[in-house]
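Scroll down for the structure; my scribbles are underneath it.
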Amino acid sequence: MANLSLLQQDIEKKIEETKQKFKNEYVQESDKYDSRDVDRLQKDDALVEAYLTWRQYSVDDALKMIDDSFLWRKEFGLNDLTESSIPKWMFETGAVFLHGYDKEGNKLFWFKVKLHTKDAKTIMDKKKYVAFWLERYAKREPGMPLTVVFDMADSGISNIDMDFVKYIINCFKVYYPKFLSKMIIVDMPWIMNAAWKIVKTWLGPEAISKLKFASKNEIQTFIDPEYLPLHMGGMDPFKYSYPPLPDDDFQTPTCENGPIVSEDDNESKEGESEGKELESSFSSEVAVKPKKVQSLKLDDNDKGDCRTKGARKPLTTFKGPLLNVSPAEELSFGTKESERKCLIILDNVSKNQVAFKVRTTAPEKYRVKPSNSSCEPGASVDIVVSLHGGYQASLQDRFLVMAAEMEQNAGAGSPELAQFWKDVPKTKIMDHRYTTINVSSWTGMGICEYLFIRFYYQFIQGAGSHLIFISQMILLFDNVLLYIHKNLV
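Taking the working numbering, I'd label the letters of the sequence shown as residues 600 to 1088.
Put into structure tokens, the structure is as follows:
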């Protein structure tokens, strides 16, 4: 522990040194950068550590990266870039979009190369278009990496713009630290081999290992068929269309009495573009910080007294500005009857009534009750998430809990809630996201794989604070040991 503490002290010193040097040596002209980016850097240690990690903790190299990144952000107006800032025809082409997940649960960022043509008149629009998607994702999923997929099917030399490709690489190499999980080139024609050899020279040592080449027969090594298009041997029926933007994968789940037809359906018709973007009630500075997780100890008397029969009681809690949400990060499902239900507990810590609703990327697989309701001040609500028979949970399944504070004496019926969600400003919405895991195959090897994935996301991808990481890993091992004791021993 002494060595770990020393390591943490060294990292904290480098973070402070980086912030101080940037302030003293780079922020000399008041209009050189966007002041919002400068303020965020001074307040957000996790962001500073991301730059340091990407540059092997060299303060000078990290400062150069921050400088390049902030200059670019101001040039492109990233903090003010919206859907209306981009020419409509860019969205209509379907050449770039977010859709689906790889096997590690990373969002897929698709580039349909055959739809690109080299044109000096539109290159700036294309660059802003890519920046729009990256910034949109960074705000919605802070700290979560992307997998870039270049779909080369039916493409040729005329579709390759080397300047544009270099820009895409720089986005991950310089502008968004630790954002790239991998870059997959699918079905590359042999005639383009020379071009991609040049591309490799642009990749730094930290990114070269992330470049993967795959045929349509090999792509399933990285992506399951459910998120692959038909021409890659997949089963995904998705077809790009605009409007609306295609990246909002969260849909209304099934309630106890069947599918919900309410404000969520109206949102998909009326709330296109910016209205569908779920902005957290936290500022972007707060959103990127690690979530505070508190272990909930269970005594012997509690073990047989679950709040909801058949659903396992959560062991961790995320403390939010409106609600404390349990569990903190994951929903665990299995094939046993006792493993097909999960309990989400919402505790209202605000002074007013709070409306909430639950959405998922896999509405056909889960039933949620209640999925759209409200919670009185100081009260607690139990939400049961049930996995339908014949289905298995996967890492790609995500859940989103949305919450917003209501006015005093506001109605809590279905019509009032529907109107409330139409009217509430997006900046007032707190959102909390869950991944899912399947524990049904947890043999010794399965547990090792799970621990490796959790270690990868919390440490390699940046936990923000290594002391927080240590405490989370201790809690993680406690939970795994508890599972082994109950199910494998």
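Every residue gets a Cβ at the ideal spot worked out from N, C-alpha and C, and that includes glycine.
Note that the coordinates shown come from a computational prediction; the quantities given were computed from them, not determined experimentally.
Query	Result
For the beta strand (DSSP E) holding Glu929, just list the boundary residues, first then last.	929 to 932
Can you tell me whether Asn1037 is buried or exposed? The criterion is at least 16 other CB atoms within 10 Å of its CB, across all chains shown.	buried
Within 8 Å, do at least three Cβ pairs link the segment 920 to 927 to the segment 936 to 953?	yes
Glu691 and Tyr841 look like a contact to me (Cβ under 8 Å); what is the Cβ gap, rounded to whole Å?	5 Å
Secondary structure at His698, three-state DSSP: helix, strand or coil?	strand
The beta strand (DSSP E) spanning Val953 covers which residue range?	953 to 959
Quick one: measure Cβ to Cβ for Leu677 and Ala730, integer angstroms, because I've assumed they're closer than 8 Å.	6 Å
Can you tell me where the beta strand (DSSP E) holding Phe917 begins and where it ends?	915 to 918
Ignoring anything shorter than 3 residues, give me the beta strand (DSSP E) runs that lie fully in the segment 730 to 762, in order along the chain.	745 to 750
By the 10 Å Cβ neighbour count, where 16 or more other Cβ atoms means buried, how is Lys796 classified, buried or exposed?	exposed
Taking a contact to mean a Cβ-Cβ separation below 9 Å, would you say Asn971 touches Leu1016 in this structure?	yes
Based on the DSSP output, what are the partners of Cys770 in its beta bridges?	Per DSSP, none; premise fails for Cys770.
Nearest-angstrom Cα distance between Met1029 and Lys702?	28 Å
Since Phe621 is in the alpha helix (DSSP H), which residue starts that stretch and which ends it?	It is not in any alpha helix (DSSP H) - Phe621 carries neither H nor E in the DSSP assignment.
Select from Met791, Gln619, Asp630, Gly988 the residue whose C-alpha is nearest the C-alpha of Met751.	Met791
Which runs of the alpha helix (DSSP H) spanning at least 4 residues fall entirely within the segment 660 to 684, listed in chain order?	none
Pick out whichever of Val983, Ala954, Leu994 has its Cα sitting closest to the Cα of Gln1018.	Ala954
Would you report the Cα separation of Tyr625 and Ala1002, rounded to the nearest angstrom?	40 Å
Which of helix, strand or coil does DSSP assign to Ala1002?	strand
With DSSP run on the structure shown, which of helix, strand or coil describes Leu942?	strand
May I ask whether a heavy atom of the ligand NAP can be found less than 8 Å away from the beta carbon of Val983?	This structure lacks the ligand NAP; in fact it carries no ligand of any kind.
Compute the Euclidean distance between the alpha carbons of Leu745 and Ser985, then round it to the nearest angstrom.	29 Å
What are the partner residues of Phe1121, as DSSP defines its beta bridges?	For residue 1121 there is no data in the structure shown, the boundaries of the chain being 600 and 1088.
Please state whether DSSP places His830 in a helix, a strand or coil.	helix
Can you tell me which of the three DSSP states Ala813 falls into?	strand
Could you have a look at Thr925 and say whether DSSP puts it in helix, strand or coil?	In the sequence as presented, Thr is not what sits at residue 925; that position holds Ser. Three-state DSSP puts Ser925 in a strand.
Mind the definition here: the segment 758 to 768 touches the segment 711 to 730 only if three or more C-beta pairs lie below 8 Å; say whether that holds.	yes
Contact check, Phe932 vs His1031 under 8 Å by CB: the rounded distance?	Contact doesn't hold; Cβ gap of about 18 Å is too wide.
For Val887 and Ile756, I'd like the C-alpha separation in whole angstroms.	A caution first: Val887 carries a pLDDT of 33, below 50, which makes its placement in the model unreliable, though a value can still be read off. Going by the C-alpha atoms only, they are around 40 Å apart.
Where does Lys726 fall in DSSP's three states?	helix
Using 8 Å as the cut-off, can you tell me whether the segment 763 to 779 makes contact with the segment 658 to 669, which would need three or more C-beta pairs spanning the two stretches below that distance?	yes
Closer than 7 Å by C-beta to Leu975: which residues in its own chain qualify, once you throw out the five before and the five after it? Chain order, please.	For the record, residue 975 in the displayed sequence is Glu; it is not Leu. Result list for Glu975: Asn947, Gln952, in chain order.
For Ser780, which residues of its own chain have a beta-carbon under 8 Å away from its beta-carbon, when the five flanking residues on both sides are left out?	Asp701, Glu703, Asn705, Pro744, Leu745, Thr746, Lys809
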